[in-house]
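In terms of this note's numbering, the sequence shown opens at residue 3 and continues consecutively. Report on the structure given below.
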Amino acid sequence: MAGERLVYLPLGGAGEVGMNMYLYGYGKPGKERFILVDAGVTFPDMDGTPGVDLIFPDIEWIADRAKQLDAIFITHAHEDHVGAIGHLYSRLKAPIYARKFTAHIAALKMAEHGYDGSEINVVDKMPEQVQVGKFKVGFMPISHSIPESSGLVIDTPDGRVVHSGDFKIDVTPGVGEPFDHDAWAALAPVKALICDSTNVFSRHEGRSEATVGPNIVPIVREATGMVVATTFASNIARVKTLAEAGREAGRSVVLMGRSMQRMVKAGVETGVVKNFPPYILPEEARDVPRENLMILATGSQGERRAATAQLSRGKFLGISLREGDTVLFSSKTIPGNETSVGQIVNNFSELGVDVIDDKMADIHVSGHANRPDLEEMHRLLKPQILIPNHGEHRMLREHAKVGEANGIASVVAPNGTMVSLSGNRPEVVEFVETGRLYLDGSVQIGALDGVVRDRIRMALNGQAVIGILIDEDDEPLTDAWCELRGLPEKGRSNAPLQDVLEEEVGQFLGRADAKTVANDDKLEEQIKRIVRQASQKEIGKKPEVVVLISRLTA
Numbered sequence: 003m004a005g006e007r008l009v010y011l012p013l014g015g016a017g018e019v020g021m022n023m024y025l026y027g028y029g030k031p032g033k034e035r036f037i038l039v040d041a042g043v044t045f046p047d048m049d050g051t052p053g054v055d056l057i058f059p060d061i062e063w064i065a066d067r068a069k070q071l072d073a074i075f076i077t078h079a080h081e082d083h084v085g086a087i088g089h090l091y092s093r094l095k096a097p098i099y100a101r102k103f104t105a106h107i108a109a110l111k112m113a114e115h116g117y118d119g120s121e122i123n124v125v126d127k128m129p130e131q132v133q134v135g136k137f138k139v140g141f142m143p144i145s146h147s148i149p150e151s152s153g154l155v156i157d158t159p160d161g162r163v164v165h166s167g168d169f170k171i172d173v174t175p176g177v178g179e180p181f182d183h184d185a186w187a188a189l190a191p192v193k194a195l196i197c198d199s200t201n202v203f204s205r206h207e208g209r210s211e212a213t214v215g216p217n218i219v220p221i222v223r224e225a226t227g228m229v230v231a232t233t234f235a236s237n238i239a240r241v242k243t244l245a246e247a248g249r250e251a252g253r254s255v256v257l258m259g260r261s262m263q264r265m266v267k268a269g270v271e272t273g274v275v276k277n278f279p280p281y282i283l284p285e286e287a288r289d290v291p292r293e294n295l296m297i298l299a300t301g302s303q304g305e306r307r308a309a310t311a312q313l314s315r316g317k318f319l320g321i322s323l324r325e326g327d328t329v330l331f332s333s334k335t336i337p338g339n340e341t342s343v344g345q346i347v348n349n350f351s352e353l354g355v356d357v358i359d360d361k362m363a364d365i366h367v368s369g370h371a372n373r374p375d376l377e378e379m380h381r382l383l384k385p386q387i388l389i390p391n392h393g394e395h396r397m398l399r400e401h402a403k404v405g406e407a408n409g410i411a412s413v414v415a416p417n418g419t420m421v422s423l424s425g426n427r428p429e430v431v432e433f434v435e436t437g438r439l440y441l442d443g444s445v446q447i448g449a450l451d452g453v454v455r456d457r458i459r460m461a462l463n464g465q466a467v468i469g470i471l472i473d474e475d476d477e478p479l480t481d482a483w484c485e486l487r488g489l490p491e492k493g494r495s496n497a498p499l500q501d502v503l504e505e506e507v508g509q510f511l512g513r514a515d516a517k518t519v520a521n522d523d524k525l526e527e528q529i530k531r532i533v534r535q536a537s538q539k540e541i542g543k544k545p546e547v548v549v550l551i552s553r554l555t556a
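Given below as structure tokens:
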């Protein structure tokens, strides 16, 4: 129909690693019908988001158009693709489609928020497809670091679009379906490929998951003390490889961490994991000699409350590490997590524990496509248009350069960039407001609401609380009182800072004119200024100031 268009709009994951969320729409401008691909989270850090539990894409744009949203498709069960579904579903309210294992994990996420699972529809792999408005969508199996990962084949009136999802080209993935070159080549040529970009700077060919096991087995066999191995709980193939290495070395395998136990259980129950080695629970491990234990622990990214971090700080669930034990980090540290992981490694070092990571031994392979794999995907699908997604901006830009160098029309489209795919080249047609939502305890807050900003300011500058009491005649009734938090007791004058600030506020009140004392806003503004100036002089810092004004009434 004349005037209709096919558009792509990332809300998360384009400009960062994690927090994936993408929209595809078809229709007249402003009246498109949409499908949403993935609803992921990313994780906070104490520097930029102190106290925050999870971070989601801001979905306000599509939530305001929820009646135009026809379906949600989940490519795979990693947290950065499915972790937000339960948190955000009340504002989206569209049917969810996923393959069996992913649907199982999504149902657990939904149940945490009171949903019964009827919102989720289990779909088989291609050639089965789901008709949703003008879109016909199928799940195309692809190898990744979690079972039943899929790219999406999206047939539209303007041509076929392939959304790769996270992937690597691996014909021996251990758990999950191997990459099928012929099946992917049969999809070609496609109108547009929207493609994972996280490893675009890695120029060597990706290694198969099958190469990891032979490197881990001798390390475990030769270890003399307890062995702890940490990896992503969702990387069930790696968890199975580690468990098999432990059993081959004659050790009892322990799964430590709820997410790891949940993932293995889900894999077995849905049939995607077969012959997982027997394992015991942490409470049973206390009865096993420590040199006969192989613990598989969550927390490879330095998460403070996860099992690995807890073990590094001392005893956890009755188990403690000591000199002569070994810890394997069978994972890659995600950018931004280096400090927290480094602290855990140093904690282990202080205990006399030996740490082996992917830089010291080939005990990890990435689940994402390196540049040769990306170029192979380009050759297989022969796309007219390439839009890099899932990656930092530098990754998207580099991937677009690779596409253009191979004659594929490419564009860098970070979050909020709406791109028309209807023409022969991608065309940016609109920019929309995007951002982040924080889960802070049980409440969702906007990144621009000021809550986290104020928390950071208090952490950086400290806080001074000033209280004054004003009588019925607008006269100070008593001396001002001050309470300090996160500030030194004494400053340059060697007098208590609290006394200095109380004196400064008292002097101001003694000389303030009647109009100022009668006006709470003016009074608060002046007191804040005086406290900050006095603090700057005494301690070289301007704290956050809270002024409490109490007035007596006749």
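The C-beta atom is built at its ideal place from N, Cα and C for all residues, glycine as well.
With 16 or more neighbouring CB atoms inside 10 Å of its own CB, T51 falls in the buried class. When the Cα atoms are used, I218 and A247 turn out to be separated by approximately 7 Å. For L383, the enclosing alpha helix (DSSP H) has its first and last residue at R373 to L383. A straight-line Cα-Cα distance of about 32 Å links A287 and L56. Assignment of S254 by DSSP, reduced to helix, strand and coil, places it in the strand class. Closest option to E211, judged by alpha-carbon separation, among H370, A73 and P284: H370. Contact check for S236 against D198 fails: the beta carbons are separated by 9 Å or more.
Its Cα nearest to that of S495, the residue G542 stands out among R513, E474, G542 and G508. The C-alpha of Q133 is placed about 12 Å away from the C-alpha of F141. In this structure A482 is not in contact with S537, their Cβ atoms being roughly 14 Å apart against a cut-off of 8 Å. The continuous alpha helix (DSSP H) containing V507 extends over residues L499 to R513.
Restricting attention to alpha helix (DSSP H) runs no shorter than 4 residues, the segment 100-125 encloses them at 102-113, ordered along the chain. As for any beta strand (DSSP E) of minimum length 3 sitting wholly inside the segment 193-218, the runs are 194-198, ordered along the chain. Counted as a single uninterrupted DSSP element, the beta strand (DSSP E) harbouring F141 occupies residues F137 to P143. Out of E429, V404, R373 and I551, the CA that lies nearest to the CA of H206 is found in R373. Annotation for V502: G493, S495, A536 and E540 place their beta carbon closer than 7 Å to its own, counting only its chain and skipping 5 residues before and after. In the three-state reduction of the DSSP assignment, V173 falls in the coil class. Taking 8 Å as the upper bound for CB-CB distance, R7 and S261 are not in contact here, some 41 Å apart. Non-local C-beta neighbours of R249 in its own chain, meaning closer than 7 Å and more than five positions away in sequence, comprise V255 and P279, ordered along the chain.
Judged by their CB atoms, L383 and L189 are nearer to each other than the 9 Å cut-off.
Look at N391 here: in three-state DSSP terms it is strand.
Closest in alpha carbon position to M48, among E429, Q131, L330 and E340, is E340.
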